[in-house]
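One structure is given below, encoded as structure tokens.
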Amino acid sequence: MKKLTMKDIGILANVSQSTVSRVISGHPNVKEEVRQKVLKCINDTNFMPDINARIMRGESSKILGFLSTGFDNPYYLEMVKYVEKQARDKGYTVIVMNSEKDEKIERQHLKELITRKIDGLIIAPVSVRNLKLAKDSQIPFVVLNEKVTWADSFYTSLFNAGVEVAKFFKEKGYSKVGYIGEINSDKLKGFLSEINKEKTINSEESNLLFTIEKGFKKKLKFIVEKLDRGCEAFFMSSDEIALAVIKETRKFNINLYEKVIVGFDNTLVADTLEISSIEQPMGQMVEIAVEVLLKKIKKEIPIEKIFNIELEPKLIIRPK
50 MKKLTMKDIG
60 ILANVSQSTV
70 SRVISGHPNV
80 KEEVRQKVLK
90 CINDTNFMPD
100 INARIMRGES
110 SKILGFLSTG
120 FDNPYYLEMV
130 KYVEKQARDK
140 GYTVIVMNSE
150 KDEKIERQHL
160 KELITRKIDG
170 LIIAPVSVRN
180 LKLAKDSQIP
190 FVVLNEKVTW
200 ADSFYTSLFN
210 AGVEVAKFFK
220 EKGYSKVGYI
230 GEINSDKLKG
240 FLSEINKEKT
250 INSEESNLLF
260 TIEKGFKKKL
270 KFIVEKLDRG
280 CEAFFMSSDE
290 IALAVIKETR
300 KFNINLYEKV
310 IVGFDNTLVA
320 DTLEISSIEQ
330 PMGQMVEIAV
340 EVLLKKIKKE
350 IPIEKIFNIE
360 LEPKLIIRPK
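In my numbering, the protein residues as written are 50 to 369.
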């Protein structure tokens with residue numbers, strides 16, 4: 050069967066080929082009656098536009114690339130859902146790639162997405178160094194979940210999140226608390242800035258610090274051996290880490306459910322474990338980021354204009 054073209058759709062809908070093209074690209078200057086007639090012909094015939102031909106004509110591919118840090122953490126799976134929905138609502142499709150927390154894989158994926166002639170990039174990065182590749186490509190891109198001063202970046206205040214957890218622990222009147230997770234994090238800095246203001250309830254010995262990298266869970270058994278069992282509550286730097294630590298401590302006959310745990314990201318994991326967690330305003334973050342990206346793609350905003358937008362976290366408290 051002959052593959053249909055936009056010209057064929059135009060004949061079926063009794064409109065010009067250029068009108069069909071405008072309907073497919075979402076151009077606003079098309080009467081709604083005509084738009085619906087063309088869309089009906091497209092749906093009835095299962096017509097699929099030739100993306101390569103569109104690109105060769107200098108038109109938008111209507112495709113965005115989304116490169117994620119990794120999918121081990123449910124937080125990033127939720128991010129895919131929000132990115133895809135925002136893009137779909139704006140008439141774009143998304144190519145999703147997973148960097149598996151590996152800097153080299155991230156760089157390979159970036160190169161692959163750039164060669165696909167996508168209109169723009171959304172990146173939750175493993176390495177800020179790799180973002181230079183995106184910048185050099187001249188493709189509009191935005192960064193999620195990471196503050197990058199020289200690129201459009203949209204992120205939650207991790208420092209304020211740490212402060213919120215510290216205040217919560219103090220309000221509860223705990224006498225000894227600890228932190229378990231990323232060593233180089235504003236979450237920890239915010240937590241430490243607040244936790245001992247009135248009296249000392251946190252010490253270095255109560256904090257288990259490590260770097261988050263591919264395969265870090267294999268090292269946890271050597272880390273949790275040093276757990277301060279005298280702590281009444283722990284702040285975990287992610288829900289993913291909370292789950293991994295709870296599982297690992299069971300091997301040492303430690304029941305962390307006897308303690309109060311606060312995670313980070315408020316994913317399905319936190320809900321399942323019934324632990325409190327810091328919620329990031331992901332929907333708002335993605336919505337703003339996609340809006341800026343599309344405006345840059347359409348040249349409504351100069352590509353040189355930089356947006357760094359920090360959003361506020363919220364502590365979701367779950368009873369024991």
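In this text, a Cβ means the ideal position worked out from N, Cα and C, and glycines have one as well.
Quick caveat, the model's predicted, so the values are computed rather than measured.
Measure the C-alpha to C-alpha separation of residue i and residue j and round it to an integer number of angstroms.
i, j, result
"Glu361", "Phe120", "24 Å"
"Ile188", "Asp168", "7 Å"
"Leu126", "His76", "32 Å"
"Ile229", "Arg299", "16 Å"
"Asp93", "Asn147", "35 Å"
"Ile163", "Ser67", "28 Å"
"Val261", "Ile272", "At residue 261 the sequence reads Ile, which differs from the Val that was named. Each residue's alpha carbon lies about 13 Å from the other."
"Val370", "Asp138", "Limits of the chain in this structure are 50 at one end and 369 at the other, which puts residue 370 out of reach."
"Asp277", "Leu207", "24 Å"
"Glu195", "Asn357", "10 Å"
"Asp201", "Asn122", "24 Å"
"Cys90", "Asn78", "19 Å"
"Ser234", "Glu220", "23 Å"
"Leu193", "Lys184", "15 Å"
For residue i, which of helix, strand or coil comes out of DSSP?
i, result
"Thr321", "helix"
"Leu343", "helix"
"Phe240", "helix"
"Thr54", "coil"
"Met105", "Low local confidence applies: a pLDDT of 47 at Met105 is under 50, so the model's placement there is unreliable, with the coordinate-based value given in what follows. Correct three-state label for Met105: helix."
"Leu113", "strand"
"Gly357", "One detail in the question is off: residue 357 reads as Asn in this sequence, not Gly. Reduced to three states, the DSSP call for Asn357 is strand."
"Tyr141", "coil"
"Val335", "helix"
"Met97", "coil"
"Tyr125", "helix"
"Ile350", "coil"
"Phe203", "strand"
"Leu170", "strand"
"Leu193", "strand"
"Leu292", "helix"
Please say whether residue j and residue i have beta carbons closer to each other than 8 Å?
i, j, result
"Pro330", "Thr205", "yes"
"Val64", "Met55", "no"
"Trp199", "Ile355", "yes"
"Gly332", "Tyr131", "yes"
"Val197", "Thr118", "no"
"Val143", "Leu116", "no"
"Val177", "Ile327", "no"
"Glu336", "Phe301", "no"
"Phe240", "Gly222", "no"
Name the residue from the options whose alpha carbon lies nearest to the alpha carbon of residue i.
i, options, result
"Lys181", "Lys267, Leu276, Glu152", "Glu152"
"Pro368", "Glu307, Lys347, Glu349", "Glu307"
"Glu231", "Glu149, Val294, Glu353", "Val294"
"Ala338", "Gly312, Phe115, Lys86, Val191", "Val191"
"Lys270", "Gly279, Ala282, Leu257", "Leu257"
"Glu82", "Ala62, Ser74, Gln157", "Ala62"
"Lys296", "Lys266, Glu247, Glu340", "Lys266"
"Phe283", "Lys216, Glu336, Lys345, Lys160", "Lys216"
"Leu322", "Val79, His158, Ile366", "Ile366"
"Thr316", "Val341, Met334, Glu289, Lys80", "Glu289"
"Gln135", "Thr249, Lys348, Val226, Leu342", "Leu342"
"Ile171", "Tyr124, Glu220, Glu247, Val129", "Val129"
"Asn209", "Val72, Phe259, Ile324, Lys238", "Lys238"
"Leu292", "Ile250, Leu53, Ile324, Glu155", "Ile324"
Based on the DSSP secondary-structure assignment, which residues constitute the bridge partners of residue i?
i, result
"Met285", "Ile229"
"Thr298", "None, per the DSSP bridge assignment."
"Phe313", "Ile327"
"Lys134", "Note: Lys134 sits in no beta bridge, so no partner."
"Leu258", "Gly230"
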